[in-house]
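J.:
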Amino acid sequence: MRCFVAIDLAPEVRAVVAAAQAGLRAAAPRAAVRWVDPAGMHLTLKFLGEVPEERLPALQGALTEAVTRRPALALAARGLGGFPNARRPRVVWMGIAGDGEALGRTAVVVEAALVPLGFPAEVRPFRGHVTLARVRSPRGLAQLGNAIAAGAHADFGAWTAQEVVLYRSHLKPSGAVYEPLARLPFAG
-5 MRCFVAIDLA PEVRAVVAAA QAGLRAAAPR AAVRWVDPAG MHLTLKFLGE
45 VPEERLPALQ GALTEAVTRR PALALAARGL GGFPNARRPR VVWMGIAGDG
95 EALGRTAVVV EAALVPLGFP AEVRPFRGHV TLARVRSPRG LAQLGNAIAA
145 GAHADFGAWT AQEVVLYRSH LKPSGAVYEP LARLPFAG
């Protein structure tokens, strides 16, 4: 099964982000992008790939050990951007602010807990973000780039993350559907 470790958005933040995503759609109606369903928006800490079901208990145990010692995270959804850049993005994202240092440390702790289980270490540095869309072709990119630039400093709300979630990803033609397998609370 295809799995990843993530932090959920608070419902009130998710609603504001969904409205911002709708604004991007309206500003760039001809952009060839696949929009992420707001119900599935999350902050990925670690993508795991295919995980055999028999490895789930060890995976959950390692995550529990790592996460339950970490404090809750004060986070904020702030700014729009794109990878590799906002003018020619392949991925449209919303940035994460707040206690970025603690978020980064949490990602490192999760990574360190999973490497001994055979999950490869990420070579790129962690950049907290929430994916809003994936670009399929360059059609309509100028409008989309302008809309992203206009929201570069937008504030979408703040929340306190109380847990990490181990998700299973079901890939469907209409887009991925995420099933929570375990909810792992922070220390508080």
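First residue of the sequence shown? That's -5 in this note's numbering, and the numbers climb one at a time after it.
Ideal Cβ placement from N, Cα and C applies to all residues, glycine included.
According to DSSP, is T62 helix, strand or coil?
T.: Walking along the sequence shown from the start, residue 62 turns up at place 68. Collapsing the DSSP output to three states places T62 in coil.
J.: What is the rounded straight-line gap between the Cα of E116 and the Cα of T38?
T.: By 1-based counting over the sequence shown, the position of residue 116 is 122. By 1-based counting over the sequence shown, the position of residue 38 is 44. Computed Cα separation, rounded: 13 Å.
J.: Measuring CA to CA, which of L111, A71, P174 is closest to L97?
T.: If you number the sequence shown from 1, residue 97 lands on position 103. Comparing alpha carbon positions, the residue from L111, A71, P174 closest to L97 is A71.
J.: Identify whether R8 lies in helix, strand or coil by the three-state DSSP scheme.
T.: In the sequence shown, residue 8 corresponds to position 14, counting from 1. It is helical.
J.: Please state whether the Cβ-Cβ distance between V11 and L108 is less than 9 Å.
T.: If you number the sequence shown from 1, residue 11 lands on position 17. If you number the sequence shown from 1, residue 108 lands on position 114. No, these two residues do not count as a Cβ contact at 9 Å.
J.: Go to R99, then tell me how far its alpha helix (DSSP H) extends in each direction, as first and last residue.
T.: Within the sequence shown, the letter at position 105 stands for residue 99. That run of the alpha helix (DSSP H) goes 94 to 108.
J.: Does the distance from the C-beta atom of M35 to that of T125 stay below 9 Å?
T.: Here residue 35 refers to the residue found at position 41 when the sequence shown is read from its first residue. Here residue 125 refers to the residue found at position 131 when the sequence shown is read from its first residue. A contact, by the Cβ cut-off of 9 Å.
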